[in-house]
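*Asks:* Chains as they are written, first to last, in the numbering used here: chain A, 3 to 231; chain B, 7 to 771; chain C, 5 to 84; chain D, 5 to 84. We put the CB at the ideal spot given by N, CA and C, even for glycine.
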Amino acid sequence: MKFGVVVFPGSNCDQDAYYAVRDVLKQPVEYIWHQDNDLKGSDCVILPGGFSYGDYLRTGAVARFSPVMEAVQQHAAKGGYVIGICNGFQILCEAHLLPGALVANTGLKFICKYVNLRPENLNTPWTHKCNEGQALRIPIAHQGGNYTCDPETLQQIEDNGQVILRYCDERGVVSAEANPNGSLNNIAGIINEKGNVAGMMPHPERAVEKILGSDDGVAILRSVIEWAG
Amino acid sequence: MIKEPGSKVVDKNTLPIPTDVYREMGLSDEEYKKVVGVLGRHPTYTEVGMYAVMWSEHCGYKYSRPVLRLFKKYKEALDGEGLENAGVIDIGDGLGIVMKMETHNHPSAVEPFQGAATGVGGILRDIFTMGARPIACLNSLRFGSLDDPHNKYLFENVVAGIAHYGNCVGVPTIGGEVVFDECYSGNCLVNAMSAGIIKTDEIASACAKGVGNAVLYVGSRTGCDGIHGATFASVELGPDSESRRPNVQIGDPFQEKLLIEATLEALKTGCVVGIQDMGAAGITCGSCETAAKGRSGMEIDVLKVPRRQEGMTPYEVMLSESQERMLAIVEKGKEDEVASVFKKWGLSAVVIGHVIDSDLVRVFEGDQLVAEIPAKSLADDAPTYYLETEEPDYLAEVRDFDLSKIPEPKDYNEALEKLLASPSIASKEWVYRQYDHMVQTNTAIMPGSDAAALRIRGTKKAIALVADCNGRYCYLDPFVGAQIAVAEAARNLACVGAKALGVTDCVSFGNPEKPQVFWQFKRAIEGMSEACEAFGTPVVSGNVSFYNETPVSAIYPTPVVGMLGLIEDTEKHCTSEFKHDGDVIALLSGKRAASDTDSDSAVCAANDLGGTEYLKVMHNVVAGTPPALDMDAEKRLHAALIEVIKEGYISSAHDCSDGGLALAVTESAIYGNLGAEISVTSDCGASVALFGEAQSRVVVSLPPDMLGEMREIVDKHNVACTILGKVHGDRLKIAVNGVNVIDKPVERVAKIWKNAIPDRMEGRV
Amino acid sequence: MAKVKVYVTLKPTLLDAQGRVVMTALENLGHTNVENVRIGKYIEVEVADNGRNINEQMDEICRNLLSNPVIENYRYEVTE
Amino acid sequence: MAKVKVYVTLKPTLLDAQGRVVMTALENLGHTNVENVRIGKYIEVEVADNGRNINEQMDEICRNLLSNPVIENYRYEVTE
Ligand SMILES: Nc1ncnc2c1ncn2[C@@H]1O[C@H](COP(=O)(O)OP(=O)(O)O)[C@@H](O)[C@H]1O
Ligand SMILES: [Mg+2]
């Protein structure tokens, strides 16, 4: 599966995602400059983490208007795979490719640490390689990862199984204590209705090698590769 | 725009600058005379401002230079291609590490968030201006007691500012230190350190060479930020420092991130002759230093400099310290090629002048010549002062303090808990949680161990980094204190399996014009340079901050050491937490003399309470002499440690520093969430055995069946190995001479240690 | 040339974490009579006249960029 | 019970990084007639009457908490 990693001004996890795909998942991957509107034939587009446009005004608010985002919109509309990680998730919400929004952590501070994630709906391109009730150890690093939306939307995404990851404890139990940022229903990751577009605050690309603390992130990225077959 | 040399405007200027004006800028009467001597006429307002800022201690090192030569001697003595002299440490495989540490004490005291943030920005530019990609940030912080709301405010915002900047530029902040002591009230210390990686054959130069080559201004537009910030950093903070607030600089980490990527890309074009960041002293520093280094001259037009504010005078443009700006010397004819790289990244890049065949920096405003100064006189000829030194009065008194008068505590559990709750010792998680320490996906050892480590992609290697200094030791004996700072840094590296390679320093002192303060400075640098030679770790860069005092208080001498170490095989590193129930706990200590065979004496010595955290916390006493340091014993300990870690014999290693043996064991237990049962024998009081801070000691844990192998190695290095007990259960139990003095659930001590800082910050205590 | 003042506020239904923190801080400082704090954005925009209807343009700017309709409301005043 | 509207703005001489980025974004979106953007805070505070002079109290609150006097200016309007 060919991956494309978008580079926005201020992206800073673009190289991390690139290395994870190339060196660990051994898949072809290219960078895509934010000014281009050609995805270089990518099957899966990664909107990486970082501080696109400095996170000024609102996270993801400006990046959403980059020329490349039109191509991403079309790619998604055609059923192409798109995953936004951290800042990428924020951009996808601003671009209305995913429902809801991400606001300031309830603690207001930036948080960098490993968290545990419970994969919810295992029948998606992003989770089918995960196991029932498993707690994935994957780091977060954000100041505005507090997922919110109106009650109707929340009801909808819960009913449609669009919530794919929730913050939980090491035993896989979803609890208030395990919620690092105040997200509604401990939501850490969601998909669109079709399931081809995903967004998550935690960084799977940071958890692909044991030497760095965990390789649980591989499950997420492998899922989409094998789903597409 | 070019005018004939010595154009009218300057020549006509025969009027002296009023005394109060140049004095206010920070120039003494003698220095002003020297300027007139150099120019052969009275300076213009712009010129006098340029001299004042370049000749300030902050830029010109006019007081510290003679002493700092101590570092140079050793570096130059080193053979090899002189990489060290370029500030690069060779780690093999054609790769080098560039590192530097710098203070932003005074800006942070005035505006903690922006002060700390711009400190990080400045140090990062020092790294990538050499062509290196920044891969790590560290920071060393000092504040007054957290019981004072203003100190809390400073701490809160300094950490937030560092996080704001470092997280945004995408450089992991992987380590540092934070210490709290009254002496830093009103004189907080904010030292930012950064390290970058570079191919040793791609080091960028900071020279302006080649007549006709263009001077390219890159990055943010120029405003009135921090005008005279450089001189500001060289005067005492008085009550009127509030009114100096316009000196505040605002950082833009987004702009800096673009600058990093664009600069590294631009250097790859091969058309950049030289490049330098514009930090303190702004364009003045950038232009005269590159010109002086390149033995050329330079002509620039301030009207071509992109402005953020209207009506700026040449004086203001030349002295502005607006952030996120670089000055690049570009091959004639290649201006557009280079500029287009910066423009691609959304940065402005404009030609503001060019290199000339002369030794002058000539500044024009349009066709008016407003300054014409020999570059060298600004960059290299700052007056040098050989200041008097005098041993401080307080020393006799603190030395003579009779430590035997200190009573043993009634309850050692209580003592331990009090120490754990002391913010200087307590967990720093509250701090490093706010820093992205994983971005760039190389962090193999995260904050929380003795040193952090980054694997080097494309090799098996990892580098380890630390920042260390015990100001209290340096107050009691700056020479030994500074040596211990170096030794502890190297020991922290050894604890993760890294061999020390090189040092950067950032030393903060009071007013150097006071002989007793300058004595502290001189002794500290002597101690540091001696220790660096002993460990074979050249000082590749550094920074001096003076005037860290207010009318009411002066700081402890605080010579912070930043050290780089190398781990040959990333897989073979070690961390500080206990790992397995049943592991043996042992104390490795460099024997005080190669002949010394009595290993118990290594556990403690009579005066080991001198200058300890224990004395301070329990008795509010800062006295005695710092623990003795035997450099040779220390080196043997490190060698042994690195070898047993490489062989994979031990499960954990943690050095005894603040709080002594008891704290080292407790921290390993807390990190590993495992209990420990140890017993020590001691010929001095239990408090000394538990909390004494004797040097050259490391607590290790290992599987019982590895004991034999480890012993062989440590014996070989003549390092003492004392079995203390074992990792077991969920309680912390310590006996001294057979008497149980400490017995607490790990969970409880962990709580105290982890909550000490958050509770204070969130006003729960 | 119009000076436009834009006010962006968090939707009342959403919890304003920052406002909460400020309020507790105020209480700790003894301002116990402060009953609510909500923090939004105040944006000053200078727009040169280009023949286009200013309100139309400002609505577009506010809807697309200056505010996120999912979480925020906006309001603006055009002054000279 | 007073409703107070507080406006906090960056001192005019200081770099407004956010404003710059937003302005460039607007230009790219075709709003080339936008000539300047400065971003500040808009804060709504509800204060119960406790006998103390409201302006005096608000000045204290703005100076100490809502604004950073080193880099920002503030202004407020008291409404009922
Ligand atoms: N200002 C800081 N920034 C980042 N990490 C820090 C900071 N202060 C302390 N730490 C981390 O907390 C851990 C404990 O610090 P410290 O007690 O100073 O270690 P040691 O006593 O071994 O020198 C270390 O991993 C250190 O890197
Ligand atoms: Mg240590």
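Spell out whether any CB of chain B is found under 9 angstroms from the CB atom of Thr28 (chain D).
*Replies:* Position 24 of the fourth sequence, counting from 1, holds the residue named residue 28 (chain D). True, the Cβ-Cβ gap to chain B drops below 9 angstroms.
*Asks:* Distance, Cα to Cα, Arg60 (chain A) vs Cys174 (chain B)?
*Replies:* For the purposes of this step, residue 60 (chain A) is identified with residue 58 of the first sequence, where counting begins at 1. For the purposes of this step, residue 174 (chain B) is identified with residue 168 of the second sequence, where counting begins at 1. For Arg60 (chain A) and Cys174 (chain B), the distance between alpha carbons rounds to 14 angstroms.
*Asks:* Any Cβ of chain A within less than 9 angstroms of the Cβ of Asn448 (chain B)?
*Replies:* Walking along the second sequence from the start, residue 448 (chain B) turns up at place 442. So, interface residue.
*Asks:* Against Ala52 (chain C), what residues of chain D qualify as contacts under a CB-to-CB distance less than 7 angstroms, listed in chain order?
*Replies:* Residue numbering aside, residue 52 (chain C) sits at position 48 when the third sequence is read from its first letter. Simply Asn37 and Glu39.
*Asks:* Tell me which residues of the segment 96 to 113 of chain A have at least one Cβ-Cβ distance to chain B shorter than 7 angstroms, keeping chain order.
*Replies:* Here the close residues are Lys111, Phe112 and Ile113.
*Asks:* According to DSSP, which residues form a beta bridge with His660 (chain B)?
*Replies:* Working through the second sequence from its first residue, we reach residue 660 (chain B) at position 654. Answer is B:Val705, bridged to His660 (chain B).
*Asks:* Please report the distance separating the alpha-carbon of Thr556 (chain B) from that of Ser430 (chain B).
*Replies:* Counting from one through the second sequence, the residue named residue 556 (chain B) turns up at place 550. Counting from one through the second sequence, the residue named residue 430 (chain B) turns up at place 424. Spanning the two alpha carbons is a distance of roughly 23 angstroms.
*Asks:* If contact means a Cβ-Cβ distance below 9 angstroms, which residues of the segment 255 to 271 of chain B contact chain A?
*Replies:* Those residues of the segment 255 to 271 of chain B that come within reach of chain A (Cβ to Cβ, closer than 9 angstroms) are Asp258, Pro259, Phe260, Gln261, Lys263, Leu264 and Glu267.
*Asks:* Quick check: the Cα distance between Leu94 (chain A) and Val347 (chain B), rounded to an integer number of angstroms?
*Replies:* In the first sequence, the residue the question calls residue 94 (chain A) occupies position 92. In the second sequence, the residue the question calls residue 347 (chain B) occupies position 341. Approximately 29 angstroms, taken between the alpha carbons.
*Asks:* Of the choices B:Arg301, B:Thr179, B:Val344 and B:Ser658, whose alpha-carbon is the least far from that of Met452 (chain B)?
*Replies:* Within the second sequence, numbered from 1, the residue matching residue 452 (chain B) stands at position 446. Of B:Arg301, B:Thr179, B:Val344 and B:Ser658, the residue nearest in Cα terms is B:Thr179.
*Asks:* For Leu49 (chain A), decide whether its Cβ has a neighbour in chain D, counting only Cβ atoms nearer than 9 angstroms.
*Replies:* Residue 49 (chain A) sits at position 47 when you count from the first residue of the first sequence. Closer than 9 angstroms: no.
*Asks:* Do Val344 (chain B) and Val336 (chain B) count as a contact pair if the criterion is CB distance below 9 angstroms?
*Replies:* Numbered from its first residue, the second sequence carries residue 336 (chain B) at position 330. Numbered from its first residue, the second sequence carries residue 344 (chain B) at position 338. Yes; because the gap between Cβ atoms is below 9 angstroms, this pair is in contact.
*Asks:* With a Cβ-Cβ cutoff of 9 angstroms, do Pro544 (chain B) and Tyr481 (chain B) count as a contact?
*Replies:* If you number the second sequence from 1, residue 544 (chain B) lands on position 538. If you number the second sequence from 1, residue 481 (chain B) lands on position 475. Against a cut-off of 9 angstroms, the Cβ pair of Tyr481 (chain B) and Pro544 (chain B) comes out as no contact.
*Asks:* In terms of residue numbering, what span does the beta strand (DSSP E) encompassing Tyr11 (chain C) cover?
*Replies:* Taking the third sequence and counting its residues from 1, the one referred to as residue 11 (chain C) is at position 7. Segment Ala6 to Leu14, the beta strand (DSSP E) holding Tyr11 (chain C).
*Asks:* For Val4 (chain B), which option in B:Pro633, B:Thr618, B:Leu635 and B:Gln120 has the closest C-alpha, if you only look at C-alpha atoms?
*Replies:* Here chain B has residues from 7 to 771 only, and residue 4 (chain B) is not among them.
*Asks:* Considering only residues of the same chain and omitting the five flanking positions on each side of Thr603 (chain B), which have a CB-CB separation below 6 angstroms?
*Replies:* Mapped onto the second sequence, residue 603 (chain B) falls at position 597. Only weak support exists for where Thr603 (chain B) lies, its pLDDT of 47 falling under 50; the coordinates are left without a value.
*Asks:* Among the residues of its own chain, which have a CB less than 8 angstroms from the CB of Asn517 (chain B), if the five just before and after it don't count?
*Replies:* As a first step, residue 517 (chain B) must be located in the second sequence, where it is residue number 511. Answer for Asn517 (chain B): Glu242, Val523, Phe552, Tyr553, Glu555 and Ala560, listed in chain order.
*Asks:* Quick check: the segment 681 to 692 of chain B against the segment 720 to 737 of chain B, are there 3 or more CB pairs under 8 angstroms?
*Replies:* Judged by Cβ distances under 8 angstroms, the segment 681 to 692 of chain B makes contact with the segment 720 to 737 of chain B, as three or more pairs qualify.
*Asks:* Anything in chain B within Cβ reach of Ile65 (chain D), meaning under 9 angstroms, just list it in chain order.
*Replies:* What you label residue 65 (chain D) is simply residue 61 of the fourth sequence in a count that begins at 1. The premise fails here: Ile65 (chain D) is roughly 16 angstroms from chain B at the closest Cβ pair, so nothing lies under 9 angstroms.
*Asks:* So with CB distances below 9 angstroms, who are the chain D contacts of Leu33 (chain C)?
*Replies:* Start at 1 with the first residue of the third sequence, and residue 33 (chain C) comes out as number 29. Residues of chain D passing the Cβ test: Glu64, Ile65, Asn68 and Leu69.
*Asks:* Which term fits Pro118 (chain B), buried or exposed, when burial requires 16 or more other beta carbons within 10 angstroms of its beta carbon?
*Replies:* On the second sequence, residue 118 (chain B) is found 112 positions in, with the first residue counted as 1. Buried.
*Asks:* Look up Phe5 (chain A) in the DSSP assignment and say whether it is helix, strand or coil.
*Replies:* Taking the first sequence and counting its residues from 1, the one referred to as residue 5 (chain A) is at position 3. Strand at Phe5 (chain A).
*Asks:* For His205 (chain A), would you say it is in contact with chain B, using Cβ-to-Cβ distances shorter than 9 angstroms as the test?
*Replies:* Counting from one through the first sequence, the residue named residue 205 (chain A) turns up at place 203. It does: the Cβ of His205 (chain A) has a partner Cβ on chain B nearer than 9 angstroms.
*Asks:* Using only the alpha-carbon positions, how far apart do Val367 (chain B) and Lys263 (chain B) sit?
*Replies:* Numbered from its first residue, the second sequence carries residue 367 (chain B) at position 361. Numbered from its first residue, the second sequence carries residue 263 (chain B) at position 257. Near 30 angstroms, if we compare the C-alpha coordinates of Lys263 (chain B) and Val367 (chain B).
*Asks:* Taking the alpha carbon of Met107 (chain B) as the reference point, which residue from B:Gly548, B:Gly571 and B:Ile656 has its own alpha carbon closest?
*Replies:* Looking up residue 107 (chain B) in the second sequence gives position 101. Checked all of B:Gly548, B:Gly571 and B:Ile656; the closest Cα to Met107 (chain B) is B:Gly548.
*Asks:* For Ile256 (chain B) versus Asp231 (chain B), is the C-beta spacing smaller than 9 angstroms?
*Replies:* Position 250 of the second sequence holds residue 256 (chain B). Position 225 of the second sequence holds residue 231 (chain B). Contact flag set, yes.
*Asks:* Look at Ile591 (chain B) and Pro565 (chain B) and say whether their C-beta atoms are less than 9 angstroms apart.
*Replies:* On the second sequence, position 585 is the one that residue 591 (chain B) refers to. On the second sequence, position 559 is the one that residue 565 (chain B) refers to. Result no, Cβ atoms of Ile591 (chain B) and Pro565 (chain B) do not sit closer than 9 angstroms.
*Asks:* Check whether chain A comes within 9 angstroms of Ile43 (chain D), counting only Cβ atoms and requiring the distance to be less than that.
*Replies:* One-based indexing of the fourth sequence puts residue 43 (chain D) at position 39. Yes, Ile43 (chain D) lies at the interface with chain A (some Cβ there is under 9 angstroms from its Cβ).
*Asks:* Which residues of chain A have a Cβ atom closer than 8 angstroms to the Cβ of Asn72 (chain C), listed in chain order?
*Replies:* Translated into the one-based positions of the third sequence, residue 72 (chain C) becomes position 68. By Cβ distance, chain A contributes Arg60, Ala63, Glu96 and Ala103.
*Asks:* For Leu49 (chain A), which option in A:Ala78, A:Ala230 and A:Glu134 has the closest C-alpha, if you only look at C-alpha atoms?
*Replies:* Working through the first sequence from its first residue, we reach residue 49 (chain A) at position 47. Among A:Ala78, A:Ala230 and A:Glu134, the Cα nearest to that of Leu49 (chain A) is on A:Ala78.
*Asks:* If you reduce the DSSP assignment to three classes, tell me which class Ala239 (chain B) lands in.
*Replies:* For the purposes of this step, residue 239 (chain B) is identified with residue 233 of the second sequence, where counting begins at 1. Below a pLDDT of 50, predicted positions are generally treated as unreliable, and Ala239 (chain B), at 49, falls in that range; the measurement from the model is reported next regardless. In this structure, Ala239 (chain B) counts as coil in the three-state DSSP scheme.
*Asks:* Short of 8 angstroms in beta carbon distance, which residues of its chain neighbour Leu21 (chain B), apart from the five on each side in sequence? Order them along the chain.
*Replies:* Counting from 1 along the second sequence, the entry for residue 21 (chain B) is found at position 15. Excluding positions up to five away in sequence, the list reads His48.
*Asks:* Exposed or buried, what is His64 (chain B) when buried is set at 16 or more other beta-carbons lying within 10 Å of its beta-carbon?
*Replies:* Working through the second sequence from its first residue, we reach residue 64 (chain B) at position 58. So His64 (chain B) counts as buried.
*Asks:* First and last residue of the beta strand (DSSP E) that includes Cys194 (chain B)?
*Replies:* On the second sequence, position 188 is the one that residue 194 (chain B) refers to. Run containing Cys194 (chain B): none; DSSP gives neither H nor E here.
*Asks:* With a 10 Å radius around its C-beta and 16 neighbouring C-beta atoms as the bar for buried, classify Lys14 (chain B) as buried or exposed.
*Replies:* Taking the first residue of the second sequence as position 1, residue 14 (chain B) is located at position 8. At Lys14 (chain B), the pLDDT of 44 sits below 50, so the modelled position is not reliable; the number obtained from the coordinates is stated separately. Exposed, by the Cβ-count rule.
*Asks:* Residues in the segment 139 to 155 of chain A with C-beta within 8 angstroms of chain C's C-beta atoms, listed in sequence order?
*Replies:* So the close ones are Asn148, Thr150, Cys151 and Asp152.
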